[in-house]
Each structure stands twice: as C-alpha cells, then as structure tokens.
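Numbering (my numbering), first residue to last: 1 to 407.
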Ligand code: B12
Ligand code: SF4
Ligand code: SF4
C-alpha cells in the first residue's frame with residue numbers, strides 16, 4: 001500500500017462545486033475511508049451508550065486492575081460530548097491486522113509469542129491518527145458543498161483507544177457487528193482481528209442501522225480456552241487476570257498464580273480470538289505497515305534479555321512494544337523463559353540479577369528459580385546479601401519457601 005500522502009486524494013483545487021446532500025457526503029466519506037485501508041466504515045448517533053451502567057459495575061468490581069485511567073474518567077464515558085463538545089455523529093472504522101499466527105512457525109523453546117495486533121513495524125495509534133486527520137480534512141473540504149445543515153462550521157476529532165469512549169459499544173450501535181462473549185467486537189466477514197477507530201463530528205450525518213443480533217449462539221470456546229480463566233461470565237472480563245493486561249498494562253510482577261498461565265506469551269494474547277469460529281475464514285486485508293516484522297517477531301528470548309536501553313530503543317521504538325518499555329518487555333521475556341525452562345536464557349538471566357531496574361531483577365529471580373539449577377543458592381547468594389528492593393526480596397523469599405517445601 002502507498003503512503004496516505006501519496007494516494008489519489010482530491011486536492012483542494014480539484015474539489016467539485018456541485019452541491020451535495022448529506023447522504024452523498026456520508027457515502028463519499030466512507031469511500032475515502034476505504035481508500036485509506038479501513039475495511040468497514042459506518043455511522044452512528046453520538047448518544048449515551050446503553051451499557052454505560054455495566055461499565056460502572058465492572059469498575060466497581062475492580063476488574064480494571066491498575067488501569068486507573070478508566071476509573072478516573074468514568075464520568076466522561078457517559079456521553080461522547082465529554083470527548084468533543086457538540087458531537088452529533090460518530091464514524092466508526094475497522095482496520096484489519098494480520099489474521100495469521102506470526103512467529104508460530106518458528107516457535108520453539110527460546111522464542112516468545114506476540115499478539116498479532118502488535119507484530120507490525122508501526123504503532124497502530126500513530127498510523128490510524130494520521131488517517132483520521134486526512135478523513136477529517138476531506139470532510140471539512142466537502143462539507144461546504146452540502147445543501148443541508150449549513151448553520152455551523154464543521155468540527156471533528158479522531159479517536160483511537162485513548163479517549164474515554166466505549167468504542168465497541170459505538171461499533172455495535174453503528175451496525176458493524178456484535179460484542180462477543182470474549183468482549184470483542186465481531187464482524188461476520190472480518191472476524192475480530194481489526195482495530196476500531198472513531199471520527200467524531202458535529203454534523204448530522206445519516207446513521208446506519210445498529211446490529212442487534214448476537215451470533216455467538218451456544219458457543220463458549222473463548223471462555224473455556226482462556227489460560228488464566230479471566231472471564232467471570234460471558235461478556236465480562238476481569239482484565240486484571242488477562243494475559244494481555246499482565247504483559248502490557250501491569251507495571252509490577254504478575255501474581256504468582258497467574259505466571260504459568262502466561263505460558264509463551266511475550267506480549268499480549270490472542271487465544272480467545274484464535275479459538276473463535278468467526279475468525280476461521282477472516283480475510284487477509286491488512287495494510288503493509290501491519291505485516292509481521294521479522295526484525296522483532298523472530299527475536300529469541302536470550303537476545304531480548306540481553307538488550308540494554310539503547311539497543312531496546314533501536315529494536316522497538318515506534319513498535320507497540322515501546323508502550324511496555326524495556327522493563328516490561330524484559331520482565332515478560334524472563335517469565336516466558338521461566339515457563340519454558342529455556343536453557344539458553346540462563347546466562348543472560350544471571351546478568352540481569354545485577355540490572356539497575358528492580359522489576360527486571362525480580363523477574364530474573366523468578367525465572368531462574370524455575371530452571372531447576374543445582375547451584376541456584378550460589379547464584380542468588382550475592383543478591384540475598386545486598387538486595388535493597390522489597391520487590392526482589394519478595395521473589396527471593398518465595399523461592400526459599402518453595403525450595404524448603406520441595407526438599
Ligand atoms: C482497556 C482495554 C483493554 C483491557 C481490558 C479489555 C476489555 N475487554 O475491556 C485489556 C488490557 C485486558 C485489553 C486486552 C485486549 N485488547 Co483492548 N482495549 C482496551 C480499551 C482501551 C478500553 C476498553 C474498555 O473500556 N473496557 C471497559 C470494560 C467495561 O469493557 P468490557 O469488559 O468489554 O465490558 C463492556 C462490554 O463487554 C459490554 N457488556 C457487559 N456486559 C455485557 C453483557 C452482554 C450480553 C453484552 C452483549 C455486552 C456486555 O458492556 C461493557 C461496557 O461497554 C479499548 C479501546 C476503547 N477505547 O474502547 C481496547 C480494545 C477493546 N482492545 C482491543 C484489542 C485488540 C485487545 C486485545 C485483543 C489485544 C491482545 N491481542 O492482546 C486484548 C483482548 C482481550 C479481551 N478478550 O478483551 C481492541 C478490540 C477490537 C475489537 N475487535 O473488538 C480495542 C477496541 C482497541 C482498538 N482501538 O482497536 N484491552
Ligand atoms: S486475551 Fe488471553 S488471557 Fe485475555 S481473556 Fe483472551 S484468552 Fe484470556
Ligand atoms: S469463541 Fe464463540 S462465544 Fe467466544 S466470541 Fe467467538 S463465537 Fe462468541
């Protein structure tokens with residue numbers, strides 16, 4: 001695919017002056033979205049989402065874990081007007097990413113799995129924001145041609161993830177699909193391997209009809225396959241138990257009882273999508289930027305565990321991994337290495353016992369303690385004497401307790 005700047009987008013001096021109806025403007029906008037790589041574009045009214053109260057209940061149960069930004073902005077989720085004053089309609093967009101397993105062919109001891117959404121060489125937020133701006137500008141240019149609702153000037157705002165907006169709710173309202181039991185938005189053609197994005201506008205674009213039907217039926221495959229039993233019930237996810245949360249959002253060490261469930265997952269998790277029958281025939285419509293980038297999807301754990309800050313920056317800047325920072329990614333790599341008892345990670349893990357970051361030292365302690373090494377007491381000895389961090393001390397103490405029990 002070409003860069004958006006180079007696409008055949010109408011430039012200002014080529015814009016027709018023929019008057020447009022709002023319905024034609026909406027169709028044109030959807031067409032432009034298609035040119036930019038969005039596989040679905042549908043419009044809904046900016047209203048209070050029907051499941052706002054479910055969202056509040058979910059927060060009250062503590063299912064958001066450490067994601068305090070959800071709790072602190074809970075009032076703002078009540079209505080999209082908190083995101084953009086005067087909003088009247090929302091263009092909801094779906095951008096497909098790779099529906100195929102990425103590094104699975106080479107997956108062996110010493111390599112971690114990466115969720116498909118995170119395997120491209122770009123951060124999807126940046127990529128989508130650029131396209132949302134182009135769409136907004138297209139709308140601005142053509143709105144002046146409409147014969148209806150000309151009383152105010154057009155304003156718009158592009159959203160992907162960061163604003164207090166229940167994107168899946170609006171996607172369902174726009175008729176794009178239904179919220180599956182795995183809590184993701186499912187579309188009958190695309191399955192669920194796509195990002196959602198929204199363009200909020202202050203004009204009354206004609207709305208599409210909403211999707212009322214649920215196509216999950218009696219299936220429970222996602223609920224049964226989740227390795228950490230993160231679904232409290234169908235449609236309700238305790239995010240604090242989800243591997244995606246544990247490997248991307250959580251800042252500390254994951255609870256001990258969930259570490260083995262993390263298995264091979266280095267970043268994110270796709271299991272509740274992999275088992276979903278609606279993803280079996282998902283078409284491969286992704287943009288080039290989201291093609292799995294071998295430069296980091298094939299990186300062995302031992303190499304990740306050896307990255308200093310500068311090398312981490314070189315490998316992961318502008319990729320989705322950047323969000324978790326070096327400390328998060330090395331923590332995850334250490335946990336996967338521990339779960340796999342990967343022998344070629346032992347040396348880099350030993351070096352990490354001296355790392356300046358306490359989270360990385362703590363993860364290295366846990367990981368090495370899974371390896372069943374004869375001289376493990378010896379390896380930990382210098383650390384036991386000098387270690388100031390309570391986080392690392394807690395891991396050492398856990399190691400001693402389990403060792404005593406095993407002897
Ligand atoms: C916080 C967050 C997370 C958290 C919490 C996930 C969650 N399910 O909420 C964590 C870190 C765990 C996460 C993980 C993932 N995420 Co996320 N995440 C978000 C984010 C930023 C906010 C979501 C939110 O507000 N959750 C709040 C809670 C309350 O939502 P909920 O539990 O699903 O409950 C809602 C519904 O289920 C519904 N509901 C409740 N009860 C009932 C009952 C019935 C009968 C029905 C029908 C509905 C229903 O009402 C609730 C309120 O809307 C959104 C972007 C956005 N702004 O929306 C992306 C988003 C949801 N994530 C996305 C992705 C891709 C993922 C992962 C697949 C990434 C990965 N591979 O690792 C996983 C999937 C895990 C999963 N099964 O959800 C995509 C989903 C695209 C899609 N097709 O749906 C989004 C939309 C990002 C984007 N812009 O594309 N994510
Ligand atoms: S992403 Fe993985 S851990 Fe999270 S709910 Fe789905 S299967 Fe469970
Ligand atoms: S796996 Fe089954 S229950 Fe889960 S979202 Fe897909 S169709 Fe629905």
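A virtual CB, placed ideally from N, CA and C, is assigned to each residue, including glycine.
Could you tell me which residues DSSP puts in a beta bridge with residue 158?
-> 199
Candidates 253, 283, 321 and 135: which alpha carbon is nearest residue 293's?
-> 321
Relative to ligand 3, is the shortest distance from any of its heavy atoms to the C-beta of residue 276 smaller than 7 angstroms?
-> yes
CB of residue 222 to nearest heavy atom of ligand 3: below 7 angstroms?
-> yes
Over the uninterrupted beta strand (DSSP E) stretch that includes residue 353, give me the two end residues.
-> Taken as a continuous stretch (DSSP letters only), residue 353 belongs to no beta strand (DSSP E), as it is neither H nor E.
Buried or exposed: where does residue 165 fall if 16 or more other Cβ atoms within 10 Å of its Cβ makes it buried?
-> Burial call: buried.
Which two residues bound the contiguous beta strand (DSSP E) that contains residue 231?
-> 231 to 233
For the stretch 141 to 159 and the stretch 244 to 253, state whether three or more C-beta atom pairs, one from each stretch, are separated by less than 8 angstroms.
-> no
What residues are listed by DSSP as bridge partners for residue 191?
-> Residue pairing for residue 191: DSSP places it in a beta bridge opposite 187.
So does residue 187 have its beta carbon nearer than 7 angstroms to some heavy atom of ligand 3?
-> no
Contained alpha helix (DSSP H) runs [length at least 4] in the stretch 32 to 100, N- to C-terminal order = 52 to 60 and 68 to 72
Pick from 357, 334, 246 and 269: whose alpha carbon is nearest that of residue 349?
-> The alpha carbon of residue 349 has as its nearest neighbour, out of 357, 334, 246 and 269, the alpha carbon of 334.
Does the stretch 51 to 71 come within contact of the stretch 232 to 245, defined as at least 3 CB pairs closer than 8 angstroms?
-> Yes, the stretch 51 to 71 touches the stretch 232 to 245.
So is the beta-carbon of residue 180 under 7 angstroms away from any non-hydrogen atom of ligand 3?
-> yes
DSSP-derived helix/strand/coil call for residue 314 = Residue 314 falls in the helix class under three-state DSSP.
Counting Cβ pairs closer than 8 angstroms, one from the stretch 185 to 200 and one from the stretch 68 to 77, do we hit at least three?
-> no
Below 8 angstroms, can you find three or more Cβ-Cβ pairs linking the stretch 262 to 270 to the stretch 73 to 81?
-> Output reads no: the stretch 73 to 81 does not touch the stretch 262 to 270.
Pull up the distance between the alpha-carbon of residue 305 and that of residue 226, whole angstroms please.
-> 27 angstroms
Counting pairs of Cβ atoms below 8 angstroms between the stretch 80 to 100 and the stretch 38 to 49, do you hit three or more?
-> yes
If you draw a straight line from the alpha carbon of residue 105 to that of residue 307, how long is it in whole angstroms?
-> Low local confidence applies: a pLDDT of 48 at residue 105 is under 50, so the model's placement there is unreliable, with the coordinate-based value given in what follows. Roughly 24 angstroms separates the two Cα atoms.
Please find out if some non-hydrogen atom of ligand 1 comes closer than 7 angstroms to the beta-carbon of residue 272.
-> Checking the Cβ of residue 272 against ligand 1 gives yes.
Residue burial classification, residue 228 (beta-carbon count within 10 angstroms, cutoff 16) = buried
Measure the C-alpha to C-alpha separation of residue 171 and residue 91 and round it to an integer number of angstroms.
-> 9 angstroms
Select from 261, 258 and 143 the residue whose C-alpha is nearest the C-alpha of residue 204.
-> 143
Taking all protein chains shown into account, do 16 or more other C-beta atoms lie within 10 angstroms of the C-beta of residue 395, making it buried, or fewer, making it exposed?
-> buried
Given residue 399, which residues of its chain have a CB within under 6 angstroms of its CB, disregarding the five upstream and five downstream residues?
-> 369
Assumed close pair residue 46, residue 89 - CB separation to whole angstroms, cut-off 8 angstroms | 6 angstroms
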